[in-house]
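Have a look at the structure below before the remarks.
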Amino acid sequence: GYCAGRDERLWRESAGMLRASQAQVLLAPRCTAAFLAGRHESEALTVLMEDIGRHALNHDALACLLDVSRLTLLAEDEERALFHGLGTLCSLGTTPLLVASAALAAVTARFAVHAPALRVFDSFGEAFTAALAEAGFVLKARRRWPALLFTRARSGTR
């Protein structure tokens, strides 16, 4: 009785700390991101995906970038929890963009029916650019050196 209750309390506390350590950010207006790492039980992953969906809904996100390249999914119920959450994002009108490891990309094909708008990327840079484009932004390269820096008239003397 007492030991089992104590272990359950410790498990809930550690799951809560792990959940709180997963970063959720606003990349740009209407573009959110979440960075998931470690191993989560399916119940904890479901709650975490609900938090991500709530964050996307609160910011009226058109795109949600999820970097799950460091996430460990060992059981099918954990995979289902992740893809159910991605399906929820799709139902909110948010396009989920997933940065996945090779192992997780293979799992994606099995669960693609749950998240029809899901887009999977190998690199964070590609996914970041696509997420901003989905939210209506365009990245442009700035010139490294401003043209005025190399003109004679910059100092006011000729």
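Counting the sequence shown from 1 gives a position; my numbering is that position plus 1125.
Glycine included, C-beta positions come from ideal geometry on N, C-alpha and C.
If you draw a straight line from the Cα of R1195 to the Cα of V1245, it is about 15 Å long.
By the criterion of a C-beta distance shorter than 6 Å, H1180 is surrounded in its chain by Q1149 and T1157, once the five residues flanking it on both sides are discounted. Between the region 1243-1257 and the region 1163-1183, the count of Cβ pairs shorter than 8 Å is below three; the stretches do not touch. Burial check for V1238: the Cβ neighbour count within 10 Å stays below 16, so the residue is exposed. Within the model, the alpha-carbon separation for D1132 versus D1202 is close to 22 Å.
Within the model, the alpha-carbon separation for A1200 versus H1209 is close to 14 Å. Taking all protein chains shown into account, R1164 has fewer than 16 neighbouring C-beta atoms within 10 Å of its C-beta and is therefore exposed. Judged by their CB atoms, G1178 and L1217 are nearer to each other than the 8 Å cut-off. In the DSSP assignment, L1190 falls outside any alpha helix (DSSP H) and within the unbroken beta strand (DSSP E) covering A1188 to T1197. Straight-line measurement puts the Cα of L1190 at about 14 Å from the Cα of L1182. With 16 or more other CB atoms across the displayed protein chains lying within 10 angstroms of its CB, D1192 is buried.
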